[in-house]
Amino acid sequence: MTTNAYLSFLAIGVALVLIDGQIIYRSGRRYLENSYGDPAAGASMTRLVTVLFHLATLGVLALISTIDMGGSDLPGVVGRIGVLLLILALAHAITLGVLARIRGEQEVEAVVQRGPRPRVEEQHGTTVTPVPGQDGRYPAASPSLENRSPYSAQ
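For the sequence shown, this note's numbering begins at 1360 and goes up steadily by one.
Below you can see the structure in the form of structure tokens.
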């Protein structure tokens, strides 16, 4: 692979990694701000995860650039970019999993800090006020309006 092909692969690869990292940072910041309550804490945690993403993927990019993948320049660059895109997709998925786990832990912590929800005591007694002439808590039939007795076939 010539120097021009090598440099073009590195330039395309670095651009892809930086663009994907910015997408992760911007969407991850909004995602974690809701769970932390403090926007600065969510942005800080997202920045740490994004830096880890950049370091790992740029390291993989450097390793891929040293592997011989084709005889001529164009197929070699295209093959390397294909491998880079697959690895970038995997790294993106792992990073999203990390962000989801951080948010889940923060939501659990928020529930624990709030404490247990107050228990609703079960009601004892009648659910509704009975109509005059009805016996018991759960009458089988409502009284008729004319004579205040259960419905009859008269």
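Glycine included, every Cβ here is placed at the ideal spot set by N, Cα and C.
Proximal residues to residue i (C-beta, below 8 Å), its chain only, five neighbours per side dropped
{"i": "E1392", "result": "P1398, G1401 and A1402"}
{"i": "G1380", "result": "T1409, F1412, H1413 and T1416"}
{"i": "V1599", "result": "This structure cannot speak to residue 1599, because the chain is shown only from 1360 to 1513."}
{"i": "Y1384", "result": "T1405, R1406 and T1409"}
{"i": "L1377", "result": "H1413"}
Three-way DSSP call (helix, strand, coil) for residue i in this model
{"i": "G1401", "result": "helix"}
{"i": "D1427", "result": "coil"}
{"i": "P1475", "result": "coil"}
{"i": "T1362", "result": "helix"}
Same chain, Cβ closer than 7 Å to residue i, five either side skipped, listed in chain order
{"i": "A1450", "result": "F1412, A1415 and T1416"}
{"i": "I1461", "result": "L1391 and M1404"}
{"i": "I1371", "result": "I1440"}
{"i": "T1454", "result": "I1383, V1408 and F1412"}
{"i": "D1432", "result": "M1360, T1361 and A1364"}
{"i": "G1463", "result": "none"}
Under 7 Å between C-beta atoms of residue i and residue j
{"i": "T1361", "j": "R1388", "result": "no"}
{"i": "V1437", "j": "A1364", "result": "no"}
{"i": "L1458", "j": "S1424", "result": "no"}
6 Å Cβ shell around residue i - same chain, five flanking residues per side excluded
{"i": "V1471", "result": "none"}
{"i": "A1452", "result": "none"}
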